[in-house]
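So the sequence shown is residues -37 to -1, 1 to 372, counted in mature numbering (1 follows the signal peptide of the UniProt record, and there is no 0). First comes the structure, then the notes that go with it.
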Amino acid sequence: MKQAIKQVTAMLHHHKHSTLKVLLLTFLGMLSQAVYAQNNLDEFLSLVEQNNQELKAAYKLMEAQQMGFQTGLTPDNPSIGYGHFPGKQEDIGNKTTYGISQSFDFPTVYSVRKKLANDQSQLSEYEYQLFRQAKLLEAQLGFYQYAYLLKKQRILQKRLEHAEKLYQSYQTKFERGNASVLDVNKARIQYLKTKSNNQLLAQELNAQQRDLQLLSGQTLDTLVIISSAKNELPAMETILSDMQQLQPEVRYLQQAQQVADRQIKLAKQNWLPEFELAYESEKAGDGTYRGVRGGLSIPLWKDKNKVKQAKAQAIFEEQRYSSRLSSLISETQKRYTQAEELNKIRKEYNQTLEEAANIGFLDKALRLGRLSVIDYFNELAFYYETIDTAMEIENNYLQTLAKLQSYKL
């Protein structure tokens, strides 16, 4: 390979305006940028958020939960009673009673319940945001994969055209006696291999497209993949700081702590007495009795251990938050290191492709007899492998970067 590179590098100085050289430099320019349009990505994610059925269902569930939290915040319904008691003896007559009563908790309980309901509603919203983030991240990664496959398809189509021309050329040479059967078979195998790769890629691309259409509820015909330079890796300190402030999971765990603390206050409030007020009337014979009745309940057994339970739950939520935050920081640091390494490797590949021989130079070396047919196809396979690896690394880098900054979704 080194010898071939030296040979074609020498030819590079004599063919500075080669069309294939321009194509290679164009490819390198595209690789140096993010291959996917940010505006088109935003458009696609907007479609997902508007049309995805799972997100719609999750939003309705959040609304139902929030309405449920706002119930039971008022006193119990009033109670009305009526009684008619005929006397067994005519001289004592009949007895009739009726009354209306209302029971209610200690007044401060309602205030605590209302605040708890608001905290639980906020927790439900963060739970939805967590699900939404996961679904949008799935869509973003799928979009990147789709764009990567589209780019790969364009490159493989050019390879197929080149392999077909090369195969036809060797067939013509063989018919004229200027090429061996071995040379024709090599070209034919290369053509068939490239053709099968194109067919397999088309199947993968169609499957990926169906997945994205399922996520967005729309066809992708209107989305055009172009290049954009928004792929720089921010400083780790910035990502860690933003993650702890914006990550829905962190917010959810913080809110769960607040809900647990509010549950303790409510459990303590439940030890206060409940009250009941009633207006009653009784008529017996010629006499009528009317008046007000009041009472209260003494909370001796009903809410036993409720405060202990609430405190235990609060301790759990505190420890869960601390543990999960440490895990998130560790995961972010690991992913950042991975992104740094991928970023370094992709730049190295870009530099390698700039210095390596391209197809035009290999074709020229073959025509001049500086490369045998076997060496030519070996060098061509190595060149194709380098480009494929560079594209794959670029895709992996963008996907890792998306996961790293998922808190922005």
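Where is the CB? At the ideal position from N, CA and C, for every residue including glycine.
Query, Result
"Contact between the segment 340 to 352 and the segment 299 to 317 is defined here as three or more beta-carbon pairs at a separation below 8 angstroms; is this criterion met?", "yes"
"May I ask you to report which of helix, strand or coil DSSP gives L(-14)?", "With a pLDDT of only 46 at L(-14), under 50, the local geometry of the prediction cannot be trusted, and the value read off the model is given with reservation. It is helical."
"Rounding to the nearest angstrom, what Cα-Cα distance links Q221 and Q171 in this structure?", "42 angstroms"
"Considering only the alpha carbon of each residue, which of F67, K58, M30, Q29 lies closest to L235?", "F67"
"Which partner residues does H125 have in the DSSP bridge list?", "Answer is none; H125 lacks a bridge partner."
"Quick check on the DSSP output: the beta strand (DSSP E) that includes R330 runs from which residue to which?", "Here R330 belongs to no beta strand (DSSP E); instead the alpha helix (DSSP H) covers 322 to 330."
"In terms of residues, what are the limits of the alpha helix (DSSP H) holding S143?", "Note, S143: premise wrong, no alpha helix (DSSP H); not H, not E."
"Rounded to a whole number of angstroms, what is the C-alpha to C-alpha distance between Q96 and A21?", "12 angstroms"
"Measuring alpha carbon to alpha carbon, tell me which of Y109, F340, I43, I322 ends up nearest A165.", "Y109"
"Taking A198 as the reference, which of P70, A142, V72, R298 has the closest Cα?", "R298"
"List the whole-angstrom C-beta distance separating L123 from T157, where the pair is believed to meet the contact cut-off of C-beta under 8 angstroms.", "5 angstroms"
"At what residues does the beta strand (DSSP E) containing Y252 begin and finish?", "250 to 260"
"Report the three-state DSSP secondary structure of T210 (helix, strand or coil).", "Note that residue 210 is Gln in the sequence shown here, rather than Thr. Correct three-state label for Q210: coil."
"Mapping the DSSP letters down to three states, classify A97 as helix, strand or coil.", "helix"
"Count the C-beta pairs between the segment 244 to 259 and the segment 54 to 73 that are closer than 8 angstroms, then say yes if the count reaches three, no if not.", "yes"
"Taking the C-alpha atoms as reference points, what is the distance between L8 and S179?", "8 angstroms"
"So K19 is in the beta strand (DSSP E); what residue range does that whole segment cover?", "First-last for K19: 16 to 32, but that is the alpha helix (DSSP H), not the beta strand (DSSP E)."
"For Y89, collect the residues of the same chain with a Cβ closer than 8 angstroms to its Cβ; drop the 5 residues on either side in sequence, then sort them by chain order.", "P211, R214, Y215, Q218"
"Name the residue from E12, L79, V11 whose alpha carbon lies nearest to the alpha carbon of T34.", "L79"
"Applying the 10 Å Cβ sphere with the 16-neighbour rule, what's the burial state of T363?", "buried"
"Spatial neighbours of I356 within its chain, please: C-beta separation below 8 angstroms, excluding the five flanking residues on both sides.", "L305, I308, R309, Y312"
"Where does the unbroken alpha helix (DSSP H) through T349 begin, and where does it stop?", "336 to 367"
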